[in-house]
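Asks: As given, the protein sequences belong to chains X and Y, one line each in that order. Under our numbering, the residue at position 523 of the first sequence is numbered 523, and the numbers go up by one with no gaps. Under our numbering, the residue at position 165 of the second sequence is numbered 907, and the numbers go up by one with no gaps.
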Amino acid sequence: MQVRSYRGIAACCPPMLMLLLTWALAGPLAVRSDAADAGRPDGEGVNRVLDAENRELGIPHQPQPLVNDLTFLRRIYIDLIGRIPTDAEIRAFAALPKATRRTTIVDRLIEHERFADTWTVFYADMLRLRSNADGGSAAIALVHQALEEEMPYDELARRMIAASGKAGATPEVGFILGDNADPMALAGATAQVFLGIRVACAQCHDHPFDVWTQRDFYDLAAFFGKTRRVETQFTNTVYTTESSQTTVLWPPEGEPGERQPLPPKFPFEMASNSRAAAYVARLEQLRSDQSEQLAAREAASTKSTVDDLLAAVDSKVQNASRGQRLAPEGIAAEAKRDARNLKVDAGMSGTSELRAELARLVTDPKNRFFSRAFVNRVWAQLVGRGFVEPVDDFRDDNPPSHPQTLDYLADEFVAHGYDLKSLVRMIVTSAPYQRAHAVGADDVTQTELETAFLATPMRRMMSEVLYDSIVTAGHLFAPKHAPGKNLKTVWQQSRIAKAPRDDRPTGSGAADQENAPTPLAQLGSGGESSTESMPAKNKGPRQASYNLESAIELDFDSLLAAKKGQAEVMVDRMKVMSKEELEAERMQAQMQQERRNVEFVDRFVRTTIDDNPQFGSSFRMASPAPPEHFLRVFGQTDRTQLGNHRDQDPSMRQALMMLNGRLTHEASRVGEDEPIYGLVVGEKANLRQAIQLAYREILTRHPSDDEFREAAAIVGDAENAPAGIADLRWILLNCNEFRFLP
Amino acid sequence: MHCSEYQISRRSLLGAASGTFLGFQVRHLLALEGTSHPSQAEHVILFWNGGGMSHIDTWDPKPGRPTQGEFEAIETSAPGIRISEIFPNLAQQMHHAALIRSIAGTQGAHGRATYNLQTSYNQSANLIHPGFGSVVVHEKESLGDLPAYVSISGRAPRSSYLGQRCEAYFVGNPGERDPYLAFPEGITRERGNKRLERLAKFNGRFANNRNDDKLQATATSIDDAVRLMRSPALKAFELDKVPTSTLNRYGDTPFGRGAILAKQLVETGVRFVQVNRGGFDTHSNNFPAMRNHGSVMDPALASLIEDLADSGMLEKTLVVMLSEFGRTPRINDNAGRDHYPSVFSGFLAGGGVRGGTVIGSSDENGEKPKDRPVQVADLHATFCHALGIDGNKEVMTPLLRPMKLVDNGEPVRELFA
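(1) Quick one: give me the first and last residue of the beta strand (DSSP E) that S1045 of chain Y is part of.
(2) Can you tell me where the alpha helix (DSSP H) holding T1111 of chain Y begins and where it ends?
(3) The beta strand (DSSP E) that contains P1144 of chain Y, what's its start and end?
(4) What residues in the segment 923-938 of chain Y bring their beta carbon closer than 9 Å to a beta carbon of chain X?
(5) Which chain X residues sit within Cβ distance under 7 Å of Q906 of chain Y?
(6) Rounding to the nearest angstrom, what Cα-Cα distance links F738 of chain X and I787 of chain Y in this structure?
(7) Just to confirm the assignment, what range does the alpha helix (DSSP H) spanning N734 of chain X have?
(8) Can you give me the C-alpha to C-alpha distance between A560 of chain X and A139 of chain X, rounded to a whole angstrom?
(9) Which whole-angstrom value is the C-beta distance of V238 of chain X and A167 of chain X, which I expect to be below 8 Å?
(10) Using a C-beta cutoff of 8 Å, does T960 of chain Y count as contacting chain X?
(11) Nearest to T213 of chain X by CA position, among X:Q203, X:A222 and X:A221, is which residue?
(12) List the DSSP bridge partners of H785 of chain Y.
(13) Does DSSP classify Q245 of chain X as helix, strand or coil?
(14) Taking just the CA atoms, how far does P65 of chain X sit from M458 of chain X?
(15) Compare the C-beta of W730 of chain X against all C-beta atoms of chain Y and say whether one is closer than 8 Å.
(16) Is L804 of chain X close to chain Y, meaning its C-beta is less than 8 Å from at least one C-beta of that chain?
(17) From the DSSP output, in three-state form, read off W790 of chain Y for me.
(18) Alpha carbon to alpha carbon, how far is V46 of chain X from Y408 of chain X?
(19) Does L774 of chain Y pass the burial test, meaning 16 or more other C-beta atoms within 10 Å, or should it be called exposed?
(20) Under 8 Å between the Cβ atoms of V362 of chain X and T190 of chain X?
(21) Is the separation between the beta-carbon of G1133 of chain Y and that of K804 of chain Y shorter than 8 Å?
(22) Per the DSSP calculation, L487 of chain X is bridged to which residue(s)?
(23) Following the continuous alpha helix (DSSP H) through Q381 of chain X, name the residue where it begins and the one where it ends.
(24) Enumerate in chain order the residues of its own chain whose CB-to-CB distance from C366 of chain X is below 6 Å, with the five nearest sequence positions on each side excluded.
(25) Roughly how far, in whole angstroms, is the beta-carbon of G136 of chain X from the beta-carbon of G188 of chain X, given that I think they are within contact range, below 8 Å?
(26) Whole angstroms is fine: what's the gap from K1112 of chain Y's alpha carbon to S1104 of chain Y's?
(27) Would M458 of chain X count as contacting chain Y if we go by Cβ distances under 8 Å?
(28) So is L741 of chain X in contact with chain Y if we call contact Cβ pairs under 8 Å?
(29) Keeping to the same chain, check which residues put their C-beta closer than 6 Å to that of A452 of chain X; ignore five residues upstream and five downstream.
(30) Need the endpoints of the beta strand (DSSP E) that Q214 of chain X sits in, please.
(31) When we look at the beta-carbon of A726 of chain X and count the other beta-carbons within 10 Å, is it buried (16 or more) or exposed?
(32) Kindly indicate the opening and closing residues of the alpha helix (DSSP H) around V1095 of chain Y.
(33) Is DSSP giving F115 of chain X helix, strand or coil here?
(34) Along the segment 1115-1142 of chain Y, what residues have a CB closer than 8 Å to any CB found in chain X?
(35) Return the chain-ordered ranges of every alpha helix (DSSP H) run that is complete within the segment 633-660 of chain X and spans a minimum of 4 residues.
(36) Note down the Cα distance separating V143 of chain X from L1090 of chain Y, rounded to an integer number of angstroms.
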């Protein structure tokens, strides 16, 4: 994949122009920023500072050793691109020179196209972006684009805090609209999400166990006091706008004294100039270099005309139409129309002055809360434990375990231009990331080792990683069976109109809910069908409401390109609908039917389909998923509450989904197009190699001799070799070794 | 059992019952439980009527008033209580039931009102409150193999800070089989069981040299799943063996089947069953719609109350029917009624509720509470009272903010004997 460089553009361009430029740069002008050019740092500095700090703390333990190469490989694939490595990738890694293979693979994966997909989920969790909120899908798509283009984190944060505009058309407003533009909610969210400070309690009273007062909270909320959420009834669009009056008044409601508009004040302390001088100077130098490079590039190239931009749009369309999402012509027409309508001077001009000021203060390089909070989150994501836990609860009586290491990382992060990839590279090439678990240690020692980052805690794969890893191991991203091997006879239900009738009054009748769509059926991609028997009347179609393991990908490109049209319709359809919405939709559909005086009957038609399974990447599906979906059951949150992080608690529902779900079942079955097939069936069948391949593909390691004998017994026990391999793969996919990171 | 603590597994409970804990023997345990506190209710069946059900056309008729609409009030088996003619069978069971005719709601939009009625709290930014079903299963220990909280034909509210273990188990259509409770298509029982056995061996070996609670908890979750898959109590989810005569008595509709399923589930130990049904948002042509709703709800609800009373389960089962608000007394130009939260009604039976009781009243046109207004939180406090749950108990949110199980509220004590 080609990486469009963000570097050097951010500093001087209004965002919309920037968007156009990056489009234009996608063509021959693209400048690839590879790791060497970028000079991304490694983890040596982290090792040094952490070792010294642990010595100071007097930690009595020896560190766990670094994990071996294959274990590292599994870890790094999971953490950087959200899935386990394939057999081919394992082989490619083994072919790399031993001394440098770890950094080589890190640099490759940081540039992998799945890196942006994977870290989009990290950001969407952090920012609580929801596909089913106003402008939520577009905001997620924007984050994805920001990752692809290496937008500095401070720039992304500024946009999220400061943007005004229409939901979807101005993707950034998804953040503000996610909290309904409510000043109190946004004060709490801004402090906690970007600064790791929990001030939400201070909304109603001075913070019970922290220094924040209610007045601090109101001071902060006042930055959002003039922001309004507006919903137009006719076009059904939602946007934010700025009012001249603030809604934030002091003293709080119900307290004595006349309530007066409150001017905003940033309650968090900045670092002193002398303390910040070194890393701020490095940041300024970096950004000035980047501007110069950009100016040089601009001078070297002819000025872009609208036609150049349109040509760039064409190449964009090539990318956008990968897969069978949308007809390319549709996107092209829309994207071109959008390009013509773009106001190059638009963008930040519509933002709120108050929020622009807040954005500047939040992202000020001297505001160490901002960099510390983010660094702590990324560290916890990768290492399994933050310097501060919970990751968004920085306060005096909850100090970081290693303040110097945290500050070292925070300063380097700022000095490298708030570049996520630099931060990630520093962490994953450091020793604390690469250490083994504290196997065999007692509880106390284990905790001490993990807290000192001398051992890594056991982590379960995130739900998206688990999903995509099963799909990867089972070769399910594309059909794997020969055509015709999965024929199934199904009953398909369809509604068919009978002859018009006149004997019934128009308007809302009261059809029963018999055929009301369930929320889960909304997600179905194909026809809802039930296998086996014709549904008896009192049973209803079997399994019609269960579709909990599909992942329909969002087309991020078209979400950003199209203001209205097919893409949004698709997203709307996939929205996780509330009961009320469903009810409203049902009523509406019913009224429409009856207005036309048409009666419908349900027909069950017997058809044969080739049910060759295929699954998309869960990192790109609308999120959060519906409540009972695989992703939610394994810990994806609804992204509404502050401080509600993903948990790793097991549940019976998880067990049922893994044991009996379609995903593990299909991943286990052997398909003719899989590499393992030739080792299982035919003249070249080789059971030893088949078992080794199954272990490599699923657990990224070779089986021991005992394990090999056990596996051979499992395969030998089955009706035939493919069934035996399926049994083995089902066990490997279900076992704890698969779902917990090595 | 606190749902959020998976480690305290059901197994310890099962151990106490010497491992012979099948769905059919639950009643013994219920009997033991019932003596531990003065409240009577052990189970709840909540019928949730989505869309906002007209109070005047159901529980609070206004005969002779301009707001009456098309339906007459009929006498019931409870002297002095009259309800709408759309409930002829239910009228014969009113000596078991009680009505609250003075619910004073505050929310007139579907989303906010539903949230309020189902959680007792008002919607707020940044925090989601758990639904009442989650509160019940958080406070009352599970009985038997089945999930403690089941939602039929639609979603129940989220469990939020009470933890994933307090989420409702979802049944799309009554009688529909949950595919996750059986081995995947094409995997015989023998093969599936062999896989499970071997998986346990793999996991046991992996956990052996690793000292981690997460592995033990995962093993417990698999054991629980397998126990449920193999449990004879799962029959409670099936409707195939329901006699045609019973189906006809309840009305052969999804709602009727939902009521039968709810009954089977509480008889098998399920604590909380929510049966969802929509279509009450009758902005136009209110009367044919409500007549139809009556024809669906009346036989089901009446048969359920009758059957629970006959079997003795009604004493231990609180049956509630609620909607997010009522509908305008005024009939609009489309012969419909619009959203109306200021006063509306709720239906209760069983679980210690005195039959033949009416709490409060609305004024002559059904526009305002006339006496004994009941706040939404009072309703929840009342349910808690029936179940012996302390609604003022505090639990911690993710931000360590203590929240009461119920947003204050006083129980309507007159409902109980």
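Just so it is clear, CB atoms sit at the ideal spot from N, CA and C, and this is done for glycine as well. Source: prediction; values computed, not measured.
Replies: Result, derived from the coordinates:
(1) Residue numbering aside, residue 1045 of chain Y sits at position 303 when the second sequence is read from its first letter. Not the beta strand (DSSP E): S1045 of chain Y falls in the alpha helix (DSSP H), residues N1028 to S1053.
(2) Within the second sequence, the letter at position 369 stands for residue 1111 of chain Y. In the sequence as displayed, the identity of residue 1111 of chain Y is Pro instead of Thr. Per DSSP, P1111 of chain Y belongs to no alpha helix (DSSP H); it is in the beta strand (DSSP E), P1111 to D1113.
(3) As a position in the second sequence, residue 1144 of chain Y is number 402, starting the count at 1. P1144 to K1146 is the extent of the beta strand (DSSP E) around P1144 of chain Y.
(4) L923, A924, F925, P926, E927, G928, I929, R933, G934, K936, R937 and L938
(5) Within the second sequence, numbered from 1, the residue matching residue 906 of chain Y stands at position 164. Simply D649 and S651.
(6) Here the question's residue 738 of chain X lines up with position 738 in the first sequence. Here the question's residue 787 of chain Y lines up with position 45 in the second sequence. Those two C-alpha atoms are separated by around 41 Å.
(7) Residue numbering aside, residue 734 of chain X sits at position 734 when the first sequence is read from its first letter. Here the alpha helix (DSSP H) through N734 of chain X covers A721 to N734.
(8) In the first sequence, residue 560 of chain X corresponds to position 560, counting from 1. In the first sequence, residue 139 of chain X corresponds to position 139, counting from 1. Correcting the residue type first, residue 560 of chain X is Leu in the shown sequence and not Ala. C-alpha separation (whole angstroms): 9 Å.
(9) As a working note, residue 238 of chain X is residue 238 in the first sequence. As a working note, residue 167 of chain X is residue 167 in the first sequence. That belief holds up - the Cβ atoms of V238 of chain X and A167 of chain X are roughly 4 Å apart, short of 8 Å.
(10) As a first step, residue 960 of chain Y must be located in the second sequence, where it is residue number 218. For T960 of chain Y, the answer is yes, since a Cβ of chain X falls inside 8 Å of its Cβ.
(11) By 1-based counting over the first sequence, the position of residue 213 of chain X is 213. Here the closest residue by C-alpha is X:Q203.
(12) The residue given as residue 785 of chain Y occupies position 43 in the second sequence. In DSSP, H785 of chain Y forms a bridge with Y:T1059.
(13) To locate residue 245 of chain X, count along the first sequence from 1; it is residue 245. Note: Q245 of chain X maps to coil in three-state DSSP.
(14) Position 458 of the first sequence holds residue 458 of chain X. Position 65 of the first sequence holds residue 65 of chain X. Distance between the alpha carbons of M458 of chain X and P65 of chain X is about 15 Å.
(15) Position 730 of the first sequence, counted from the start, is the residue given in the question as residue 730 of chain X. Answer yes: the Cβ-Cβ gap between W730 of chain X and chain Y drops below 8 Å somewhere.
(16) Past the edges of chain X, shown from 1 to 742, lies residue 804 of chain X, and the structure says nothing about it.
(17) Mapped onto the second sequence, residue 790 of chain Y falls at position 48. Strand at W790 of chain Y.
(18) Working through the first sequence from its first residue, we reach residue 46 of chain X at position 46. Working through the first sequence from its first residue, we reach residue 408 of chain X at position 408. Cα to Cα, V46 of chain X sits roughly 7 Å from Y408 of chain X.
(19) On the second sequence, position 32 is the one that residue 774 of chain Y refers to. Interpretation of L774 of chain Y is limited by its pLDDT of 41, a score under 50 that renders its predicted location unreliable; no figure is taken from the coordinates.
(20) The residue labelled residue 362 of chain X in the question sits at position 362 within the first sequence. The residue labelled residue 190 of chain X in the question sits at position 190 within the first sequence. Yes. Within cutoff.
(21) Numbered from 1 along the second sequence, position 391 holds the residue referred to as residue 1133 of chain Y. Numbered from 1 along the second sequence, position 62 holds the residue referred to as residue 804 of chain Y. Contact: no.
(22) As a working mapping, residue 487 of chain X is identified with position 487 in the first sequence. According to DSSP, which records beta bridges pairwise, L487 of chain X is partnered with X:D610.
(23) The count along the first sequence starts at 1 and reaches residue 381 of chain X at position 381. Here the alpha helix (DSSP H) through Q381 of chain X covers R368 to V383.
(24) Within the first sequence, numbered from 1, the residue matching residue 366 of chain X stands at position 366. A small fix is needed here, since residue 366 of chain X is Lys in this sequence, not Cys. The residues are M270, A271 and A276.
(25) Indexing the first sequence from 1 puts residue 136 of chain X at position 136. Indexing the first sequence from 1 puts residue 188 of chain X at position 188. Incorrect: roughly 19 Å between the Cβ atoms, too far for contact.
(26) Translated into the one-based positions of the second sequence, residue 1112 of chain Y becomes position 370. Translated into the one-based positions of the second sequence, residue 1104 of chain Y becomes position 362. Answer to the nearest angstrom: the Cα atoms are 5 Å apart.
(27) As a working note, residue 458 of chain X is residue 458 in the first sequence. Chain Y contact via Cβ: present.
(28) One-based indexing of the first sequence puts residue 741 of chain X at position 741. Not closer than 8 Å to any Cβ of chain Y, the Cβ of L741 of chain X fails to qualify, so no.
(29) Taking the first residue of the first sequence as 1, we reach residue 452 of chain X at position 452. Excluding residues within five positions, the ones whose Cβ falls inside 6 Å are N54 and I59.
(30) The residue labelled residue 214 of chain X in the question sits at position 214 within the first sequence. Run containing Q214 of chain X: none in the beta strand (DSSP E); it sits in the alpha helix (DSSP H), Q214 to A221.
(31) In the first sequence, residue 726 of chain X corresponds to position 726, counting from 1. By the 10 Å Cβ count, A726 of chain X comes out buried.
(32) The residue given as residue 1095 of chain Y occupies position 353 in the second sequence. Careful: V1095 of chain Y lies outside any alpha helix (DSSP H) and carries neither H nor E.
(33) For this step, residue 115 of chain X is matched to residue 115 along the first sequence. Three-state DSSP puts F115 of chain X in a helix.
(34) T1139, P1140 and L1141
(35) 652-660
(36) As a first step, residue 143 of chain X must be located in the first sequence, where it is residue number 143. As a first step, residue 1090 of chain Y must be located in the second sequence, where it is residue number 348. Approximately 50 Å between the Cα atoms of the pair.
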